Amino acid sequence: MARALRLLTHLMGWACVAIGLFHVALGNAAIPGAGSAGATVDSWGRFMGASFVGYGLAWLWAARQRPIPAQAVRWLAGIFLLGGIGRLLSLAVHGWPQWFQIALAVIELGLPLVFFWLADAEERFSVAA
Numbered sequence: 539m540a541r542a543l544r545l546l547t548h549l550m551g552w553a554c555v556a557i558g559l560f561h562v563a564l565g566n567a568a569i570p571g572a573g574s575a576g577a578t579v580d581s582w583g584r585f586m587g588a589s590f591v592g593y594g595l596a597w598l599w600a601a602r603q604r605p606i607p608a609q610a611v612r613w614l615a616g617i618f619l620l621g622g623i624g625r626l627l628s629l630a631v632h633g634w635p636q637w638f639q640i641a642l643a644v645i646e647l648g649l650p651l652v653f654f655w656l657a658d659a660e661e662r663f664s665v666a667a
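539 is the number of the first residue of the sequence shown in the numbering used here; add one for each residue after it.
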């Protein structure tokens, strides 16, 4: 389980950095179904992309620690879960989004549960060793 935590933590970090950079570079064009949402949404999306890069760097920081700190994993996973909850709120208020956003919501609601389960895997392993 410690190996799975380390792999998933690295993958999460690099994926968030890549997605964030994609949004910084492309703005509205990075959002499936967004079309031309205008300059305000484009500006906001690029800013949030940069924030997502920072979030990914926090995952990579955690992945470089020995052992990976369970508290950091839980906080970072909780933030990701909050994003999924935000998508559910949007669904309740505005209805169904473009299909890719639904797939992202499933990931954002499910993956944090895996991280919560694995969070202390390395800390437990290092104590046992």
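Backbone N, C-alpha and C define an ideal beta-carbon position, used for all residues, glycine too.
All of these numbers come straight from a predicted model, not from anything done at the bench.
Non-local beta-carbon contacts of SER574 in its own chain, meaning distances under 7 angstroms to residues more than five positions away in sequence, involve ASN566 in chain order.
Ranked by Cα distance from ALA577, the first of LEU564, SER589, ALA588, PRO570 is LEU564. MET550 sits in a helix when the DSSP states are folded into three classes. The shortest CA-to-CA distance from ARG604 to any of SER589, PRO635, LEU545, GLU661 is the one to GLU661. Between GLY594 and VAL562, the C-beta spacing is not below 8 angstroms. Just so you know, the alpha carbons of ARG584 and LEU545 end up roughly 28 angstroms apart. If you look at GLY622, you'll find it in the alpha helix (DSSP H) that goes 608 to 632. If you draw a 10 Å sphere on the C-beta of PRO650, you find 16 or more other C-beta atoms in it, and that means buried.
Pairing VAL591 with GLY633 gives a Cβ-Cβ distance that is not under 8 angstroms.
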